[in-house]
Amino acid sequence: MSDLAARSVDELSGLIEAGQVSPVEVTRAVLDNIGRHNDTLRAYIEVYRDDAMAAARDAEAEIASGRYRGRLHGVPMGVKDNLYFADRVTTMGSKIHAGFVSGTNATVVDRLSDAGAVFLGKLNMHEYALGGTTDNPFHGTCRNPWDLSMSPGGSSGGSGAALASNMAVAALGTDTSGSIRMPAALCGTVGLKPTYGRVSRFGCFPEAWTLDHVGPMTRTVKDAAIVLDAISGYDARDPSSLDRPPTRTAGRLPTTLDGVVIGIDEGFFLADVDDEVERCVREALDALRGRGATVRSVSVPGLDSCEWALATIDICEASTVHDANLRDRPEDFGDGVRLLLECGQLPSAVEYLQAQQIRGHLGSTMQRVFGAVDVLVGPTTPTRTPRIGQTTATVNGREVDASRSLWRLVGPASLLGLPCLSVPCGTAGGLPVGLQVIGPTLGEQQVLDVGHVLELDQPMGSLRATAYLEGLPVAD
Amino acid sequence: MNEIVTRLLESRRLVVPPGDREAVDAHWARMRALRATVDESLLADSEIALTYDPACAPDE
């Protein structure tokens, strides 16, 4: 069967369960792509080639003997390199942790393992997840498969690039200030940041502990739902874990949005946004209306204050995590990350607590907004895709600070711990644009519903990143 | 380097390499500018009355 590596989890799981496709064939097809593209794209830090094939053979035998575990059984997945695998190196994309070996798995790794997933290896990331580019000074610059001169975003850029180039069928990312959603948007893939506490962070190296999330990155919304259902649910080992059972979203995705009210705060989400990005968002809204949704303008007071509050909390907590190494071995950080950690030493305790006050107030305001709408939407990122190595991006031809602009619109859902999906909604200048769907606390089903229904309209048409990659030479 | 930034870093006993100083300054200026845009009403704690209001003061 052709093009197995390009299939979705949803498609593959049916074929694997029916015995029409073997996990060994799928894993081999994905590993072949890794062999072709990883030297160029630098999506993986480490590939578990032999172990992946062995796990695929085990899955094949288990399924053949009638012990099918579920939709991830035999499905090859990549995992961001800040999630621990027992007895294996987890680098956090850093030099300092280049030899770190955990004694335990992250809870999400255990849960995927129980579900029968095949692990392909560890995905590249911005050093310690502290940035939005995946320009990693120690493990190589990750490139966007749609255009190799462009950034895949970050910090989970390896996950986005691997999915867009069929080097994984599904992946895990982490998101503190947009690190799942930004690379999903820039790589034309799907990324879900769940509600804070919905997915365990045990065994995930912290960036900023009151903001950190682990979540699925996939090529379709339904796949994100399948992965979320496998990794969510209470974990006593994570003090912030919500006492809730695993989600059951994948089987409930609708085909229409009758009765669903979608809100958009244009004063925030469409201010200072590139015209082509805005066009994609408005076309997505038209498509959602066509599927039965009501789109309503709303105003969420205080959203402009998010940026300062989020930046303050994020850098203060990150500087706390790395305080000892920043003092003892600053030369072992990459330049950009060291700088960020130095800046995190500047805010006062009063400023950190004021940022937390803003968070509290905005949370209450947002709760009221979700009394009137089911979800909020906007672009995931407001600019054209930034070029690798440049600190600026463009909005209508004007140069703007890339990192500030990329973080601005993903900020509210990060700060408030709300579930938020980025789903492709078109292209600007030939590169993907993401629509962000934000839901109320524990409203993963609502955001997945809207994303799934948008996907039915195929806003990307037949465009795939691999069309670009097909012209590249084979590496081995 | 900005005087306040220098003082803050000294008080934190953090030595910043010369090559980082200009960028730390720029970050500080950016954060000050962002702080100036914050809606001050969001800073009033919603759980504890922090602000003295003479209208609510008990009669002496």
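First to last, the sequence lines map onto chains V and C. According to this note's numbering, the first sequence holds residues 622 to 1097 in order. According to this note's numbering, the second sequence holds residues 26 to 85 in order. Ideal placement from N, C-alpha and C gives every residue a C-beta, glycine not left out. This structure is a prediction, so every number in the text was calculated from the model and none was measured.
Put simply, the CB of residue 932(V) is near chain C, with a gap under 8 Å to one of its CB atoms.
With respect to chain C, the C-beta atom of residue 982(V) has a partner C-beta closer than 8 Å.
For residue 678(V), same chain residues with a beta-carbon under 7 Å away, outside a window of 5 residues either side, are 645 in chain order. Residue contact check for residue 959(V) against chain C: a CB pair falls below 8 Å. Within chain V, the residues placing a beta-carbon under 9 Å from that of residue 62(C) are 925, 926, 928, 929, ordered along the chain. Residues are counted here when their Cβ sits less than 8 Å from a Cβ of chain V; for the stretch 45 to 60 of chain C these are 45, 48, 49, 52, 53, 55, 56, 59, 60, given in chain order. For chain C, the residues of the stretch 939 to 954 of chain V that bring a beta carbon within less than 8 Å of one of its beta carbons are 947, 948, 951, in chain order.
Distance check between residue 885(V) and each of 854(V), 994(V), 847(V) places 994(V) closest, using alpha-carbon atoms only.
No beta strand (DSSP E) of 3 residues or more sits fully in the stretch 923 to 965 of chain V.
Taking the C-beta atoms as reference points, residue 853(V) is found nearer than 8 Å to residue 868(V).
Scanning chain C for C-beta atoms nearer than 7 Å to the C-beta of residue 652(V) yields nothing, as the closest lies near 41 Å away.
Residue state for residue 1054(V) is assigned as strand, using DSSP reduced to three classes. At a cut-off of 8 Å between C-beta atoms, residue 32(C) does not count as an interface residue with respect to chain V.
Your pair residue 711(V) and residue 705(V) checks out as a contact, with CB atoms roughly 5 Å apart and the cut at 8 Å. Segment contact: the stretch 875 to 882 of chain V against the stretch 33 to 40 of chain C, fewer than three CB-CB distances shorter than 8 Å; contact not assigned. Close to residue 637(V), with beta-carbon spacing below 7 Å, lies no residue of chain C; the smallest spacing is near 50 Å. Around residue 751(V), no beta-carbon contact reaches into chain C at under 9 Å, the shortest distance being about 13 Å. Judged by DSSP in its simplified three-state form, residue 734(V) adopts helix. Note: residue 740(V) is bridge-paired with 698(V) in the DSSP secondary-structure output. By the Cβ rule, the stretch 954 to 973 of chain V counts as touching the stretch 933 to 941 of chain V, because three or more pairs are nearer than 8 Å. For the set 955(V), 756(V), 1050(V), the Cα lying nearest the Cα of residue 1011(V) is the one of 756(V). Within the stretch 659 to 708 of chain V, the complete alpha helix (DSSP H) runs of at least 4 residues fall at 670 to 685. In this model, residue 760(V) and residue 988(V) are separated by some 42 Å (Cα to Cα). Taking 8 Å as the threshold, the shortest C-beta distance from residue 964(V) to chain C falls below it.
Under the three-state reduction of DSSP, residue 801(V) is assigned to coil, being neither helix nor strand. Annotation: the continuous beta strand (DSSP E) that includes residue 917(V) extends over 915 to 918. In the structure shown, the three-state DSSP call for residue 637(V) is helix. Of the other Cβ atoms in all chains shown, 16 or more fall within 10 Å of the Cβ of residue 837(V); this residue is therefore buried. Per DSSP, the continuous alpha helix (DSSP H) segment holding residue 984(V) begins and ends at 970 to 990.
Taking 8 Å as the cut-off, the beta carbon of residue 778(V) is found closer than this to the beta carbon of residue 754(V). Under the rule that a run must span 4 or more residues, the alpha helix (DSSP H) segments found entirely inside the stretch 1014 to 1096 of chain V read 1023 to 1037, 1065 to 1077, 1087 to 1090.
Put simply, of 826(V), 883(V), 1023(V), 984(V) the residue whose alpha carbon is nearest the alpha carbon of residue 1003(V) is 1023(V).
Residue 702(V) holds the alpha-carbon nearest to the alpha-carbon of residue 720(V) among 685(V), 942(V), 768(V), 702(V).
Note on the stretch 715 to 791 of chain V: whole beta strand (DSSP E) runs with a minimum of 3 residues are 739 to 744, in chain order. What residue 979(V) touches in chain C, judged by beta-carbon distance under 9 Å, is 63, 64, 67, 68, going in chain order. Taking a 10 Å sphere around the C-beta of residue 815(V), we find 16 or more other C-beta atoms and assign the residue as buried.
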